[in-house]
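Undergrad: All letters in the sequence shown, in the order written, are residues -21 to -1, 1 to 864 by mature numbering (1 follows the signal peptide of the UniProt record, and there is no 0).
We treat Cβ as the ideally placed atom computed from N, Cα and C, and that holds for glycine.
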Amino acid sequence: MHHLGILFLILAFCTVSSASAASHGEISYAEHCGDTVPESEATALVVKHFDHISFRNGYFSGGAGLFSQVDTSAVFAPPSVNFRTKSLHKTKKNGTFRIQAAMTLIGASQNRTQRSLRRRRSHRSPHAVVEEATFDDLAGFWSESTGKVCMVGRGVYSDAKGKSLLLSAVLILNFPTVSNLNTSLIDGEVEILNRVGAPSNFSSIKVLAYYAPNPYHFTIFPQATSSCPTVKIDQEDSLEIEPAIACAFLSARVFRIDYKNSADCPEGSCRPLGKSLGFTPRFLSLNRVFCLENGSINFNLYFSNSSSYSYDMPMRPERSLVGEAYWDRQRKQFCLLACRVINADLPEHPHVGACDVGLTLWFPTVMTLKERSGVVGRIWSNKDKKDVEYFDMASIHSLNDGWNRIHGLKYNYTEVDSVRNSCSNGIATSSKSGHQVYPGPKSLGGVRLDINMKDSKGKRTWREANFLSVGDSVFEYDYRRTSDIRSSGAADTSIRNVGFEITNRWNPFDDDDFEINELAAEGVYDSATGRICMKGYRYPKQLGQNDTLDYESIDCEILISIQLAPIDEDDEVRLDGTINSTRIQSQPLYFDTINISSSNNMGGREIDRSVWRMDAELIMVIITLTFSCICIALQIFHVKKQPHILPSVSITMLLVLVLGYTIPLVLNVEALLFTNQTNGSAMLLRRRSRWISANEVIVRMISIVALFLSLRLAQLAWSSRSSAAEDNRKLWVQERRALKWCLPLYAAGALLAWLRSSEWAVLISYSGFVLDGFLLPQIVFNMAQQSKGKVLTPFFYVGIVVTRALPHLYDVYRSRSYVAIHSTNIYGSEEWDFYSTAWDIIIPCEGLLLASIVYLQQRLGGECLVPKRLRMRVYQYEEVTGATI
C-alpha cells in the first residue's frame, strides 16, 4: 500500500504538471505564422554566416498598455529595438531556413542619464532602468525569396518601478531581398499575446530599422555628382587623402549646423532646415556608414538638438535621411545625396522618399583655436526655392575630433601674442629652474592625460586633456611619442607654441552640471620652467530648444596656467594648474577658479607604488581602528575601577564618539573603499580588488567592535546618573548647559560647510571634523561643573586624538610622495574628513590643544583656564538663577 500511495502521488503530480503545461504550452507557429512563412522540417545543415539577418538600433512605435506613450519629440532617445540571429538551419524546403533569435525592445529615455543607463546595462541598478521587453528564445522561419521572417516566443517585460511581466509574442519582419538605397529599410510588427497564445490587450508594435548589407548596389551617383559642384572650395583648403581613409573618418561623426554664417544668408536672415522636421536642428550625425575602397559610401543621417546623439542611437524616421556618397578625387571632397524616410502604414509600408538634400564634406588643412573641426562642409536643399520645404545652405562642422584626426593638419595660432602679454611674468621672463629637467616641447605632442577638475565648492569631475599641437604640427589619435621626453635646451627650443584641449570622454551621455564641459586653448610652453600659459575657449553646454548656437556664444575670456612636474624615473608627463575666468564677477559667464591635476597617467613603476600604498593604507585603517578599540576599552576599565567618576563623564562627548563610528557603518564601508573609482584609478583597484574585498570584512568587524565599546561606555555613564540624587540632577543641568554651548557651534559649522559646497557629501566630511574635536563637550562640561580629578584616562583622550591626527600627518607625506589620485585614498580619505594643506595642520593642532586643556582641567580644576573675573560673574549668575528658581 505504501508503494501504491507513492505511485499515486507521482501520477497526480504529472497530471497537474501536464495540465499546467497545456495551459501555458508552446505558441502555435502554424496558427500565427503559417500564412507568412510556411513551416518546414529543419535539417542538421547549419548556415555559418547570418549577420545579414540581424539589425541594431531600430525604432519602434505603439505597444500602448505595455510601453508608456510619450511624445518622442520631447525625449532624449526614442524607443529602440535590437534583433540578433542566434542560429540558422537549412530546411527540407529550398529557400526556407529555420531561425532562432533574440529581440530587445527598450522604451524611450526621458533624459541623458537614462540613456547612459541603457548604454551600460551590465552596471546599472535594477531600480534605475527604462521600460524593456526581452525575448531570448524566438523561433521561426525565414524565406530567402520573399525576405519575410516570422517567429514566436516568450519574453519578460520590466520597468523602472520593478514591475515585471511574462510575455508571449509573434514577430513578423520584412527583410529586403536586394541591397540598395530604395530597399534600405526593414519594417515589421510585434504582436503581444497572453499566456494561452491569444491576442492581448496591448496594441501591436511597429518596427523600423536601417538595413544596407553587402553586396550593396549604388543607384544615385549621377544625381550626387550633379549636385555637389554647387559648392566651390579652394583646393589648398582641403587635404588630399586616399578614398578609403577619407571614408573611414566619416563614421560616427556628429556635426554642428551653423545657419548664421551661411553663404546664402550673410546677414543671418536664413530659411533654416526643419519645416518638415517640426524643429530647427542644430546637429546632425552620420550613422551606420558603410564604405568601399573607392570611397563610395551609404549612410543613415540623423538630425537632433543634442550633440550627444551619436552613432549608436536608434533611428527616428521623421528625423532621418538615408543616402549615398562618393569621394571626388579632383575636388578632394565628398559629395552626398540624402533621401527622406517615409514612415507610411499599409499598404505602402515605410519606404525611401525624395532625394532632395545635398551635402559636401572635406578635410581642412589648417586648424585654429576657434575652428578645430577635422571635417567641415555644407548642407543644402535641391528643391525649388518656392517649395515650403526648401532651406538655405548652411555650414556644418564636426565635433569631438580629438580621437580621430587626419595626418597632415597644420595649426595656425591666433592668440599667442595676447597670451604672452597676459603671462609675461610667468613665461617671457622665466629662467632655468635649478637642476630640474622638464619635458621637452616636442615630447608633449599627442600626450593624453586623465585629469581631475575641482571647482571652488569642492565638486569634482573627470575629463581628458590632450596636447594636440606643438608648433604648427597637429598630432592625431594614434600618434606615438618618438622624441625623448628629456629633450630640451639646444636640442628643442625652450619656448614653443602649444595647442591644448579638454574633452568629456568619460561620461558623454550623463548629466553633468560641472562648469567646464569642453575647452580649447592655445598658448606658450617654457620647457626651462615647465610652465604653460594659454588662452582658452569654453564651448557651450547643452542649449535649450530655441537657443541659437554660434561662435558668439563661446566664452573666450579664459586664462589657463599649468605647471608640469619635473621628469622622474618613469618619464611620464604630469601637471597641476588652474582655469580662471578673466571676466568680472557680475558677468553671466564668469566662473570661480577651477583646479586641475593629472591623476593616473602613470608608468608601471608608479602603478606598483600606488598599489603598494593602497595595501599599506588598508593595513593602517585596521591598525588605527584596533588602537581606538583599545583606548575605549582602557577608559571602560578606568571607570569600573573608580565608579564615582562616571557621572563626570560628558554624555554629549560620548554621543559624538558613537556617531563618529556609526556614520561610516551606515554609509557602508564599501563607500570608503570604492568611492568614485573610475578611469585610471579603477585600474589600480581592480588589480587588488580581491585583497581589498577580503579585508573589508575585517574593517567592518573592528568598526562594529569600536561602536559597541563606545555604546557600552555611554550606557555606563548614563546609568550612573539615573538615580534621583541631588548631585546627579545638578550634573544633568550642567550637561544641558554644555549642550547649549556646543550645539550652536556644530550647527554654525555645518551651515558654513553647506554654504561653501551645497552638497551632502560635505556634511559627511564635516561629521569627521566634529569627531576630531570630540573633547570639546567634555571641556565645556568640566568648566560648567568646576570638576577636578582624573575623569578620563590619558590613554583614552590622547589615544583617540592621535588616531584622528595621524591620517592628516600621513596626508602631508602622501601628497609629497605619490601621484594624487584622491579616489584611491583609503587611509585619510576626503570622504570622511577635511583634508588639505591647511586642514592637515589645523586638525592635529586642534586635537593637541583640546587634549592639553583636558589634562590641565583634570589637574587644576575645570575652571582653571577661565579668568577670575569671568569666574566670579558666572558664580554670581548661578546664585541669582538658583534663588529665582
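Hey, out of G515, V149, L256 and V712, whose CA is closest to I541's CA?
TA: Along the sequence shown, one-based indexing puts residue 541 at 562. Ranking the options by Cα distance to I541, first place goes to G515.
Undergrad: Starting from the Cα of H787, find the closest Cα among D812, L771, T772 and Q765 and give me that residue.
TA: Mapped onto the sequence shown, residue 787 falls at position 808. For H787, the nearest C-alpha among the options comes from D812.
Undergrad: May I have the straight-line CA-CA distance separating L844 from S831, to the nearest angstrom?
TA: To locate residue 844, count along the sequence shown from 1; it is residue 865. To locate residue 831, count along the sequence shown from 1; it is residue 852. Rounded to the nearest angstrom, the two C-alpha atoms are 11 Å apart.
Undergrad: Check Q79 in the structure and name its three-state DSSP category.
TA: Numbered from its first residue, the sequence shown carries residue 79 at position 100. Correct three-state label for Q79: strand.
Undergrad: CB-CB under 7 Å to G728, same chain, minus the five flanking residues each way: which ones, in chain order?
TA: The residue you call residue 728 lines up with position 749 of the sequence shown. Around G728: Y745.
Undergrad: For R444, I'd like the list of residues in its chain whose CB is within less than 6 Å of its CB, leaving aside the five on either flank, ordered along the chain.
TA: Taking the first residue of the sequence shown as position 1, residue 444 is located at position 465. Note that residue 444 is Ala in the sequence shown here, rather than Arg. So the list reads L428, I430 and I481, once near-sequence residues are dropped.
Undergrad: Which partner residues does residue 887 have in the DSSP bridge list?
TA: Residue 887 lies beyond the stretch modelled for the chain, which goes from -21 to 864, so this question has no answer here.
Undergrad: Can you give me the Cβ contacts of V749 inside the same chain, cut-off strictly under 7 Å, excluding the 5 residues immediately before and after it?
TA: By 1-based counting over the sequence shown, the position of residue 749 is 770. V635 and Y725, listed in sequence order.
Undergrad: With contact counted as at least three CB pairs below 8 Å, one residue from each stretch, are the region 220 to 229 and the region 199 to 206 in contact?
TA: No, because fewer than three Cβ pairs between the region 220 to 229 and the region 199 to 206 fall closer than 8 Å, the two stretches do not touch.
Undergrad: Put R716 into one of helix, strand or coil per three-state DSSP.
TA: Residue mapping note: residue 716 aligns to position 737 of the sequence shown, counting from 1. Helix at R716.
Undergrad: CA-CA distance, V25 and H11?
TA: In the sequence shown, residue 25 corresponds to position 46, counting from 1. In the sequence shown, residue 11 corresponds to position 32, counting from 1. Each residue's Cα considered, the two are about 25 Å apart.
Undergrad: Taking the continuous beta strand (DSSP E) assigned at R838, which residues delimit it?
TA: The sequence position of residue 838 within the sequence shown is 859, counting from 1. Run containing R838: none in the beta strand (DSSP E); it sits in the alpha helix (DSSP H), W818 to L839.
Undergrad: Assuming F76 and L84 are in contact, meaning their beta carbons sit under 8 Å apart, how far apart are those beta carbons, in whole angstroms?
TA: Taking the sequence shown and counting its residues from 1, the one referred to as residue 76 is at position 97. Taking the sequence shown and counting its residues from 1, the one referred to as residue 84 is at position 105. 24 Å between Cβ atoms; not a contact.
Undergrad: Can you check which of these residues, A21, G86 and V128, is closest to G13 by C-alpha distance?
TA: Working through the sequence shown from its first residue, we reach residue 13 at position 34. Among A21, G86 and V128, the Cα nearest to that of G13 is on V128.
Undergrad: R442 bridges to which residues according to DSSP?
TA: Against the sequence shown, residue 442 aligns to sequence position 463. Per DSSP, I430.
Undergrad: With a 10 Å radius around its C-beta and 16 neighbouring C-beta atoms as the bar for buried, classify L316 as buried or exposed.
TA: For the purposes of this step, residue 316 is taken as the residue at position 337 of the sequence shown. With 16 or more Cβ atoms within 10 Å of its Cβ, L316 is classed as buried.
Undergrad: List the endpoints of the continuous beta strand (DSSP E) containing S560.
TA: Position 581 of the sequence shown, counted from the start, is the residue given in the question as residue 560. That run of the beta strand (DSSP E) goes L554 to S560.
Undergrad: If I follow the unbroken alpha helix (DSSP H) through N400, where does it start and stop?
TA: Walking along the sequence shown from the start, residue 400 turns up at place 421. V395 to S401 is the extent of the alpha helix (DSSP H) around N400.
Undergrad: Just verifying my parser: in three-state terms, what is the DSSP assignment at N761?
TA: On the sequence shown, position 782 is the one that residue 761 refers to. In this structure, N761 counts as helix in the three-state DSSP scheme.
Undergrad: Whose C-alpha, out of N266, D363, I224 and P329, is nearest the C-alpha of R308?
TA: Residue 308 sits at position 329 when you count from the first residue of the sequence shown. Of the listed residues, the one whose Cα sits closest to R308 is I224.
Undergrad: For I537, count the other beta carbons within 10 Å of its own beta carbon; 16 or more makes it buried, fewer makes it exposed. Which is it?
TA: Start at 1 with the first residue of the sequence shown, and residue 537 comes out as number 558. Its Cβ being crowded by 16 or more others within 10 Å, I537 is buried.
Undergrad: Thinking C-alpha only, which one of A507, I573 and D451 is nearest S435?
TA: By 1-based counting over the sequence shown, the position of residue 435 is 456. The residue with the shortest Cα to Cα distance from S435 is I573.
Undergrad: What did DSSP end up calling M593 once you bin it into helix, strand or coil?
TA: Residue numbering aside, residue 593 sits at position 614 when the sequence shown is read from its first letter. Correct three-state label for M593: helix.
Undergrad: As a quick exercise: from F370, S682, G437 and K311, pick the residue whose alpha carbon is nearest that of V645.
TA: Taking the first residue of the sequence shown as position 1, residue 645 is located at position 666. The residue with the shortest Cα to Cα distance from V645 is S682.
Undergrad: Identify the residues that DSSP records as bridge partners of C129: which are they?
TA: To locate residue 129, count along the sequence shown from 1; it is residue 150. C129 pairs with F120 and I151.
Undergrad: From which residue to which residue does the alpha helix (DSSP H) around Y640 run?
TA: One-based indexing of the sequence shown puts residue 640 at position 661. Per DSSP, Y640 belongs to the alpha helix (DSSP H) from I630 to V645.
Undergrad: If you follow the alpha helix (DSSP H) that Q202 is in, where does it begin and where does it stop?
TA: On the sequence shown, position 223 is the one that residue 202 refers to. Here the alpha helix (DSSP H) through Q202 covers F200 to S206.
Undergrad: Would you kindly check if the distance between the Cβ of S59 and the Cβ of G37 is under 8 Å?
TA: Mapped onto the sequence shown, residue 37 falls at position 58. Mapped onto the sequence shown, residue 59 falls at position 80. Contact: yes.
Undergrad: Do you know how far the Cα of R442 is from the Cα of L498?
TA: Taking the sequence shown and counting its residues from 1, the one referred to as residue 498 is at position 519. Taking the sequence shown and counting its residues from 1, the one referred to as residue 442 is at position 463. Going from the Cα of L498 to the Cα of R442 covers about 10 Å.
Undergrad: Nearest to V477 by CA position, among V684, S179, G840 and T347, is which residue?
TA: Residue 477 sits at position 498 when you count from the first residue of the sequence shown. When only C-alpha atoms are compared, the closest one is T347.
Undergrad: Can you tell me which of the three DSSP states F493 falls into?
TA: Residue numbering aside, residue 493 sits at position 514 when the sequence shown is read from its first letter. Reduced to three states, the DSSP call for F493 is coil.
Undergrad: Could you pull the start and end residues of the beta strand (DSSP E) that I573 belongs to?
TA: For this step, residue 573 is matched to residue 594 along the sequence shown. Element bounds for I573: I573 to S577.
Undergrad: Per DSSP, what kind of secondary structure is L844 in: helix, strand or coil?
TA: Here residue 844 refers to the residue found at position 865 when the sequence shown is read from its first residue. If DSSP states are grouped into helix, strand and coil, L844 belongs with coil.
Undergrad: Looking at C-alpha atoms only, which residue of A80, K211 and P251 is the closest neighbour of I151?
TA: The count along the sequence shown starts at 1 and reaches residue 151 at position 172. Nearest option by C-alpha distance: A80.
Undergrad: Do W306 and G337 have their C-beta atoms closer together than 8 Å?
TA: The residue given as residue 306 occupies position 327 in the sequence shown. The residue given as residue 337 occupies position 358 in the sequence shown. Their beta carbons are not under 8 Å apart, which means W306 does not touch G337 by this criterion.
Undergrad: With DSSP run on the structure shown, which of helix, strand or coil describes D218?
TA: Within the sequence shown, the letter at position 239 stands for residue 218. For the record, residue 218 in the displayed sequence is Leu; it is not Asp. Correct three-state label for L218: coil.
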